[in-house]
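Asks: Take this structure first; my questions come after.
There are 2 protein chains.
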Amino acid sequence: MHQRTARPIDPNSDAAIAGRVAPLPIEQVAAKLAIPPEALYRYGPHKGKLGLDFVGSLATRPRGKLILVTAISPTPAGEGKTTTTIGLGDALARLGRKAAICLREPSLGPVFGAKGGATGGGHAQIIPMQDINLHFTGDLHAISAAHNLLSALIDNHVYWGNALEIDTRRIAWRRVMDLNDRALRHITVGLGGPANGFPREDGFDITVASEVMAIFCLAESLADLEARLSRMVVAQTRARRLIRAEQLEGVGSMVALLRDAFQPNIVQTMEGTPALVHGGPFANIAHGCNSVIATKSALALADFVVTEAGFGADLGAEKFLDIKCRQAGLEPAAAVVVATVRALKMHGGVPLKELGTPNPEAVALGAGNLKRHVENLRKFGVPVVVALNRFTSDTEAERAAVAEAVAPLGVNVHDCSHWANGGAGAEGLAREVEALAVTPSSFRLLYPDAAPLAAKIETVAREIYRAARVEFAPTARAKLAEFEAQGFGALPVCMAKTQYSFSADPSLRNAPVDHVLPVREVRLSAGAGFVVALAGDIMTMPGLPSKPAAHDIFVTPDGIIAGLS
Amino acid sequence: MHQRTARPIDPNSDAAIAGRVAPLPIEQVAAKLAIPPEALYRYGPHKGKLGLDFVGSLATRPRGKLILVTAISPTPAGEGKTTTTIGLGDALARLGRKAAICLREPSLGPVFGAKGGATGGGHAQIIPMQDINLHFTGDLHAISAAHNLLSALIDNHVYWGNALEIDTRRIAWRRVMDLNDRALRHITVGLGGPANGFPREDGFDITVASEVMAIFCLAESLADLEARLSRMVVAQTRARRLIRAEQLEGVGSMVALLRDAFQPNIVQTMEGTPALVHGGPFANIAHGCNSVIATKSALALADFVVTEAGFGADLGAEKFLDIKCRQAGLEPAAAVVVATVRALKMHGGVPLKELGTPNPEAVALGAGNLKRHVENLRKFGVPVVVALNRFTSDTEAERAAVAEAVAPLGVNVHDCSHWANGGAGAEGLAREVEALAVTPSSFRLLYPDAAPLAAKIETVAREIYRAARVEFAPTARAKLAEFEAQGFGALPVCMAKTQYSFSADPSLRNAPVDHVLPVREVRLSAGAGFVVALAGDIMTMPGLPSKPAAHDIFVTPDGIIAGLS
Chain A
1 MHQRTARPID
11 PNSDAAIAGR
21 VAPLPIEQVA
31 AKLAIPPEAL
41 YRYGPHKGKL
51 GLDFVGSLAT
61 RPRGKLILVT
71 AISPTPAGEG
81 KTTTTIGLGD
91 ALARLGRKAA
101 ICLREPSLGP
111 VFGAKGGATG
121 GGHAQIIPMQ
131 DINLHFTGDL
141 HAISAAHNLL
151 SALIDNHVYW
161 GNALEIDTRR
171 IAWRRVMDLN
181 DRALRHITVG
191 LGGPANGFPR
201 EDGFDITVAS
211 EVMAIFCLAE
221 SLADLEARLS
231 RMVVAQTRAR
241 RLIRAEQLEG
251 VGSMVALLRD
261 AFQPNIVQTM
271 EGTPALVHGG
281 PFANIAHGCN
291 SVIATKSALA
301 LADFVVTEAG
311 FGADLGAEKF
321 LDIKCRQAGL
331 EPAAAVVVAT
341 VRALKMHGGV
351 PLKELGTPNP
361 EAVALGAGNL
371 KRHVENLRKF
381 GVPVVVALNR
391 FTSDTEAERA
401 AVAEAVAPLG
411 VNVHDCSHWA
421 NGGAGAEGLA
431 REVEALAVTP
441 SSFRLLYPDA
451 APLAAKIETV
461 AREIYRAARV
471 EFAPTARAKL
481 AEFEAQGFGA
491 LPVCMAKTQY
501 SFSADPSLRN
511 APVDHVLPVR
521 EVRLSAGAGF
531 VVALAGDIMT
541 MPGLPSKPAA
551 HDIFVTPDGI
561 IAGLS
Chain B
1001 MHQRTARPID
1011 PNSDAAIAGR
1021 VAPLPIEQVA
1031 AKLAIPPEAL
1041 YRYGPHKGKL
1051 GLDFVGSLAT
1061 RPRGKLILVT
1071 AISPTPAGEG
1081 KTTTTIGLGD
1091 ALARLGRKAA
1101 ICLREPSLGP
1111 VFGAKGGATG
1121 GGHAQIIPMQ
1131 DINLHFTGDL
1141 HAISAAHNLL
1151 SALIDNHVYW
1161 GNALEIDTRR
1171 IAWRRVMDLN
1181 DRALRHITVG
1191 LGGPANGFPR
1201 EDGFDITVAS
1211 EVMAIFCLAE
1221 SLADLEARLS
1231 RMVVAQTRAR
1241 RLIRAEQLEG
1251 VGSMVALLRD
1261 AFQPNIVQTM
1271 EGTPALVHGG
1281 PFANIAHGCN
1291 SVIATKSALA
1301 LADFVVTEAG
1311 FGADLGAEKF
1321 LDIKCRQAGL
1331 EPAAAVVVAT
1341 VRALKMHGGV
1351 PLKELGTPNP
1361 EAVALGAGNL
1371 KRHVENLRKF
1381 GVPVVVALNR
1391 FTSDTEAERA
1401 AVAEAVAPLG
1411 VNVHDCSHWA
1421 NGGAGAEGLA
1431 REVEALAVTP
1441 SSFRLLYPDA
1451 APLAAKIETV
1461 AREIYRAARV
1471 EFAPTARAKL
1481 AEFEAQGFGA
1491 LPVCMAKTQY
1501 SFSADPSLRN
1511 APVDHVLPVR
1521 EVRLSAGAGF
1531 VVALAGDIMT
1541 MPGLPSKPAA
1551 HDIFVTPDGI
1561 IAGLS
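Chains A and B, in that order, are what the protein sequence lines are. Our numbering puts the first residue of the first sequence at 1, with every later residue one more than the last. Our numbering puts the first residue of the second sequence at 1001, with every later residue one more than the last.
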């Protein structure tokens, strides 16, 4: 029989640490940003949404300083980008600044898979972590429903006569589910006879890979959301005529499903700093940052807004700057590159199981990865600082090796212990960020809108990845020409590449040069407003590991959710 | 280009009528039932959930009177069961009684399909109707996620070595989506090579058809929820050994996903009467009533609780009584059978387009359907009254024909105009219900737990459907024997039959006799705790019509959701 009470709770788990903090009532958190009570739509005592009328009223306010937290190329050793974002926000608040944090909201896929939640860790978490990591305020469910309603309308249109002459072999609109479920990657639908429609190939992506999610995170208003959804290209006819979402007559229903979700969510850090946690697109086939509406709301409400971008700076920061900042007219006042001694050691060639052995030489060598990210960020004219996220196994010599490595670039390294100490552990970083943020901006985008699509891809490959050249598959090159002929030439490019290397080969750590970037396929995200260039196999529906986190999550007899990390 | 402002709003639509009422703050609604503020988890100003600690504390309180609203066999002419439930609740409140309503929560499938929402109509609605009809408090999304997590864990188990020796041809656990999407009825999954698992046949049901939903609506506590989920049979081995959900090690995560959803929702009618709207299982392959936890909470908080069951009384009321009341130890104090002149006219043989022509003879003839439902309800020892839901096209003679038809049974008919007049239009009905409810109960179940499964099916067929006999398919009979051998013989049966007739033939209106009930298939719902008997083709994933409601729903420039009905 099922043993309901048998499982112990780990007192050092993130959930247990977060559980020892009494959260402030959400009204009090909102009051720190002078959000009036009538603009706050409460989801229980500790979560809220900001009404869209209020959000709209913020448009004309002066904006605070935007601080981007990004990282070195990720390794299994971990970097701690989200904890640093939270710790830095808390540190700024401790220094008396009006600070807010903007983060992506978690997906259930990683929560039940291998990666765990996305609410930070240790003493740098946003709370209530269980709620945020599970359904939160339902935004991802709303996005799934809106996406899948359009899927159903496409097949239903074909079923009832197909007046639009959709070619069922050329339906680009897959279905989505907010779970890791490899069995749904490639499926056939419409089987079982005429009553069930026309059999065709299809598949599910994870919800965060939906173009609806990307649009949700780039739209400036409900009207913009509707216009972008309408523009999405979902299929082609046999004659290759593009079919747009609006032709399926369901965009109004999609907006109805998304209306409440589109309101930015507000929660708090363990130290009571306001956090706007809203949207979370994939960082490969999409741009990987929280919603524009949350970022802009936070900038109107706080003097300092700390936010993060997905993966390492080659992918996350580049897209944050060239896609989100370009479209939304934002510019960061400073960028923080998060590194760890352990991860740099891996970039320096040390295998995972030997990371406990001190090795300053390997750290110095692996710091090549960090240096290149710093140099890259400077190409955007953004002031940079390094946050060295401390692990107990780090030695003084190793930490010194990091600082030495980047000193020639004129960049400071700040030892951070927010994981153990909360905001107090990131005060040095916060002071420097504040100083950098008041320097006059010289922000620039990497390439102009007017450049040809292929040239945009080549610019990113050359300037950021340091590739010798780009090798376009013939079909990819033909498609880029097609997109330009269709009027999409002015869009920015969204690079889908492995996050583990500057190159397209995940095994090439540190700072490879002279590699070739193969662009096998390009896709149009006409509603999100970018052209995706795929350099390598990109997984849009993850699978579960053999021992998924789902095995270890449970509810105690007291009703407490345990086992989330 | 997309025309955002071009669409007019119908001022006579349910949405527009509801929109003209200013809802009470949900705290005030809760206060009518003496729910303390700390037990109320607010979702914005007009929706709430009741904390499970508070719900648990209600167990020892005396219970109010439970009033079941059911109906004649449905026709396209409409009956108005939900509006009558709401109108009766409002009428009891107008008479000064402490009243509450319990309803099922809507599914997005019908909202975007043909049927529309499930929040009543006219002046008998629960509000905020847009919120309730769309995501509400996220319960259905939570149920979908819990269900599909188990699906992913099953395929993942097979992928990683299949230690349980699951026969992939005998996985009974399909996937779910809360939409009408016929293309997903029969699919193949796991295609595309070894990385994606083992190809197999699968399919999606609509979420309300999930056994998780049935369990959600029958569980008495989180512990009971967990135990029932653990017991579910999801697959078999080649040797026909049963695989239970708990063996996939994800039940703890499922409960974590369902924890908040399991708290009963509270909203209000347009007249401010508290309404607990929670859960909504299919009325064919499941039992079709709102959650036990909501009904029991309401009974502890109010003197009169008005609730409804799905479809006509042959299906909805029978299952409400033989499944829900049996399992939960509930008994109704009175039952209301809703009828309309128009629908009785159809049972009397008049085609849909001639319903506008007065025809008291056809009404008298069609009242045979009503009479049989009344007789059936009396077999359970429940006092009965008829609510005649008024349409403007009804004539005096037609209404008199209804009263005359049931007079020999000693049953009163109350003319009700709550659609037009709110609770004031159902006061006569409310007075009679109150009188009936104080008569001493003689409630009895239709069959004992100890009867063989086939005998239970035969009892329902004979006593309720008036079938001459049941024709079991040989495989169905063998399976019933198998279920009994496996220890499931004491479960009640859940009949899945067309709602349009007492028989299994939807074209046989009125009160057919001597028909044969074919039971083609039986299924075990071991967690919900019933055996489903399928008499005919039962659709567990609806399709969209050629002009779905989704085409007409939109958000106005002011952010108002229009087009819901």
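Note that the Cβ used here is the ideal one computed from N, Cα and C, for glycine as well. Please read these numbers as outputs of a predicted model, since none were measured by experiment.
Look at Gly-87 of chain A and Ala-124 of chain A and say whether their C-beta atoms are less than 7 angstroms apart.
Replies: As a first step, residue 87 of chain A must be located in the first sequence, where it is residue number 87. As a first step, residue 124 of chain A must be located in the first sequence, where it is residue number 124. Contact flag set, yes.
Asks: On the criterion of 16 or more Cβ atoms from any shown chain inside 10 Å, does Lys-1357 of chain B qualify as buried, or is it exposed?
Replies: Your numbering for residue 1357 of chain B matches position 357 in the second sequence. Before going on, a small fix: residue 1357 of chain B reads as Thr here, not Lys. Looking at its Cβ environment, which holds fewer than 16 other Cβ atoms inside 10 Å, Thr-1357 of chain B is exposed.
Asks: Does Arg-1174 of chain B come within less than 7 angstroms of chain A when only Cβ atoms are used?
Replies: In the second sequence, residue 1174 of chain B corresponds to position 174, counting from 1. No, Arg-1174 of chain B does not count as interfacial toward chain A.
Asks: Hey, would you say Cys-1102 of chain B sits closer than 7 angstroms to Asn-1290 of chain B, going by beta carbons?
Replies: Residue 1102 of chain B sits at position 102 when you count from the first residue of the second sequence. Residue 1290 of chain B sits at position 290 when you count from the first residue of the second sequence. Yes, they are a contact pair.
Asks: At a CB-CB cut-off below 7 angstroms, which residues of chain A make contact with Arg-1185 of chain B?
Replies: The residue you call residue 1185 of chain B lines up with position 185 of the second sequence. Going along chain A in sequence order, the residues near Arg-1185 of chain B (Cβ under 7 angstroms) are Gly-192, Asn-196.
Asks: If we count the other Cβ atoms within 10 Å of its Cβ and call it buried at 16 or more, is Ala-1450 of chain B buried or exposed?
Replies: Taking the first residue of the second sequence as position 1, residue 1450 of chain B is located at position 450. Exposed.
Asks: My understanding is that Pro-62 of chain A touches Arg-326 of chain A, with C-beta atoms under 8 angstroms, so please give their C-beta distance in whole angstroms.
Replies: The residue you call residue 62 of chain A lines up with position 62 of the first sequence. The residue you call residue 326 of chain A lines up with position 326 of the first sequence. Not really, about 21 angstroms apart at Cβ, beyond 8 angstroms.
Asks: Excluding the 5 residues preceding and the 5 following Pro-199 of chain A in the sequence, name in chain order all residues of the same chain whose CB lies nearer than 8 angstroms to its CB.
Replies: By 1-based counting over the first sequence, the position of residue 199 of chain A is 199. Taken in chain order, the residues that qualify are Thr-188, Val-189, Gly-190, Leu-191.
Asks: Which value, in whole angstroms, describes the spacing of the CA atoms of Leu-1365 of chain B and Arg-1399 of chain B?
Replies: For this step, residue 1365 of chain B is matched to residue 365 along the second sequence. For this step, residue 1399 of chain B is matched to residue 399 along the second sequence. For Leu-1365 of chain B and Arg-1399 of chain B, the distance between alpha carbons rounds to 13 angstroms.
Asks: Distance cutoff 7 angstroms, beta carbons only. Does Arg-1244 of chain B sit that close to anything in chain D?
Replies: Among the protein chains in the structure shown, which are A and B, there is no chain D.
Asks: Considering Cys-217 of chain A, what are the terminal residues of the alpha helix (DSSP H) in which it resides?
Replies: Here residue 217 of chain A refers to the residue found at position 217 when the first sequence is read from its first residue. Segment 211-218, the alpha helix (DSSP H) holding Cys-217 of chain A.
Asks: List the DSSP bridge partners of Ile-206 of chain A.
Replies: In the first sequence, the residue the question calls residue 206 of chain A occupies position 206. According to DSSP, which records beta bridges pairwise, Ile-206 of chain A is partnered with A:Met-177.
Asks: Could you list which residues in chain B have their beta carbon closer than 7 angstroms to that of Arg-42 of chain A, in chain order?
Replies: Indexing the first sequence from 1 puts residue 42 of chain A at position 42. Arg-1042, Gly-1044, listed in chain order.
Asks: How many angstroms separate the CA atom of Ser-127 of chain A from the CA atom of Ala-1309 of chain B?
Replies: Here the question's residue 127 of chain A lines up with position 127 in the first sequence. Here the question's residue 1309 of chain B lines up with position 309 in the second sequence. A small fix is needed here, since residue 127 of chain A is Ile in this sequence, not Ser. Approximately 40 angstroms, taken between the alpha carbons.
Asks: Chain A beta carbons: is any one of them nearer than 7 angstroms to that of Ile-1553 of chain B?
Replies: For the purposes of this step, residue 1553 of chain B is identified with residue 553 of the second sequence, where counting begins at 1. Closer than 7 angstroms: yes.
Asks: According to DSSP, is Tyr-159 of chain A part of a helix, a strand, or is it coil?
Replies: Taking the first sequence and counting its residues from 1, one reaches residue 159 of chain A at position 159. Tyr-159 of chain A falls in the helix class under three-state DSSP.
Asks: Do three or more CB pairs link the segment 143-154 of chain A to the segment 247-264 of chain A at distances below 8 angstroms?
Replies: Taking 8 angstroms as the limit for Cβ pairs, the verdict is that the segment 247-264 of chain A does touch the segment 143-154 of chain A.
Asks: Taking its Cβ as the centre, do 16 or more other Cβ atoms sit within 10 Å of Thr-566 of chain A, making it buried, or is it exposed?
Replies: This structure gives no information on residue 566 of chain A, because the portion of chain A shown stretches from 1 to 565.
Asks: Helix, strand or coil for Cys-1325 of chain B? Go by DSSP, reduced to three states.
Replies: In the second sequence, the residue the question calls residue 1325 of chain B occupies position 325. Helix.
Asks: Hey, would you say Val-532 of chain A sits closer than 7 angstroms to Ala-496 of chain A, going by beta carbons?
Replies: Taking the first residue of the first sequence as position 1, residue 532 of chain A is located at position 532. Taking the first residue of the first sequence as position 1, residue 496 of chain A is located at position 496. Taking 7 angstroms as the Cβ cut-off, Val-532 of chain A and Ala-496 of chain A qualify as a contacting pair.
Asks: Give the straight-line distance between the Cα atoms of Asp-1303 of chain B and Gly-1559 of chain B, rounded to the nearest whole angstrom.
Replies: As a position in the second sequence, residue 1303 of chain B is number 303, starting the count at 1. As a position in the second sequence, residue 1559 of chain B is number 559, starting the count at 1. About 39 angstroms.
Asks: Just checking, does the segment 158-175 of chain A make contact with the segment 233-250 of chain A on the three C-beta pairs under 8 angstroms criterion?
Replies: Yes: the two stretches touch, three or more of their Cβ pairs being nearer than 8 angstroms.
Asks: I need the DSSP call for Asn-284 of chain A, collapsed to helix, strand or coil.
Replies: Taking the first sequence and counting its residues from 1, one reaches residue 284 of chain A at position 284. Asn-284 of chain A falls in the coil class under three-state DSSP.
Asks: Any beta carbon of chain A sitting closer than 7 angstroms to that of Ser-1013 of chain B?
Replies: Within the second sequence, numbered from 1, the residue matching residue 1013 of chain B stands at position 13. Not closer than 7 angstroms to any Cβ of chain A, the Cβ of Ser-1013 of chain B fails to qualify, so no.
Asks: In three-state terms, what does DSSP make of Leu-446 of chain A?
Replies: The residue labelled residue 446 of chain A in the question sits at position 446 within the first sequence. Three-state DSSP puts Leu-446 of chain A in coil, outside helix and strand.
Asks: Check whether the Cβ of His-135 of chain A lies closer than 7 angstroms to any Cβ atom in chain B.
Replies: Along the first sequence, read from residue 1 onward, the residue named residue 135 of chain A stands at position 135. Yes, its Cβ sits closer than 7 angstroms to a Cβ of chain B.
Asks: Could you tell me whether the Cβ of Asn-1148 of chain B comes closer than 7 angstroms to any Cβ of chain A?
Replies: Stepping through the second sequence from its first residue, residue 1148 of chain B is reached at position 148. Answer yes: the Cβ-Cβ gap between Asn-1148 of chain B and chain A drops below 7 angstroms somewhere.
Asks: What residues of chain B sit near Glu-249 of chain A, judged by a beta carbon separation below 8 angstroms?
Replies: Counting from one through the first sequence, the residue named residue 249 of chain A turns up at place 249. In chain order: Ala-1550, His-1551.
Asks: Near His-2 of chain A, which residues of its chain fall below 7 angstroms by C-beta distance, leaving aside the five closest residues on each side in sequence?
Replies: Taking the first residue of the first sequence as position 1, residue 2 of chain A is located at position 2. Low confidence applies here, because His-2 of chain A scores a pLDDT of 44, under 50, leaving its location unreliable; read the following figure in that light. Here the set comprises nothing.
Asks: Check whether chain A comes within 7 angstroms of Ser-1297 of chain B, counting only Cβ atoms and requiring the distance to be less than that.
Replies: As a first step, residue 1297 of chain B is located in the second sequence; it is residue number 297 there, counting from the start. Closer than 7 angstroms: no.
Asks: Under 7 angstroms between C-beta atoms, does Val-189 of chain A make it to chain B?
Replies: Position 189 of the first sequence holds residue 189 of chain A. Closer than 7 angstroms: yes.
Asks: Check whether the Cβ of Asn-1421 of chain B lies closer than 7 angstroms to any Cβ atom in chain A.
Replies: Numbered from its first residue, the second sequence carries residue 1421 of chain B at position 421. By this cut-off, Asn-1421 of chain B is not an interface position.
Asks: Can you confirm whether Arg-182 of chain A, when its beta carbon is compared against all beta carbons of chain B, has any partner nearer than 7 angstroms?
Replies: As a first step, residue 182 of chain A must be located in the first sequence, where it is residue number 182. Output row for Arg-182 of chain A: interface = yes.
Asks: By the three-class DSSP mapping on this structure, what secondary structure does Asp-90 of chain A have?
Replies: By 1-based counting over the first sequence, the position of residue 90 of chain A is 90. In this structure, Asp-90 of chain A counts as helix in the three-state DSSP scheme.
Asks: Whole angstroms are fine: how far does the CA of Leu-222 of chain A sit from the CA of Val-55 of chain A?
Replies: Within the first sequence, numbered from 1, the residue matching residue 55 of chain A stands at position 55. Within the first sequence, numbered from 1, the residue matching residue 222 of chain A stands at position 222. Distance between the alpha carbons of Val-55 of chain A and Leu-222 of chain A is about 11 angstroms.
Asks: Can you tell me whether Ile-9 of chain A is buried or exposed, with buried defined as 16 or more other CB within 10 angstroms of its CB?
Replies: Working through the first sequence from its first residue, we reach residue 9 of chain A at position 9. Answer is exposed; the Cβ neighbour count stays below 16.
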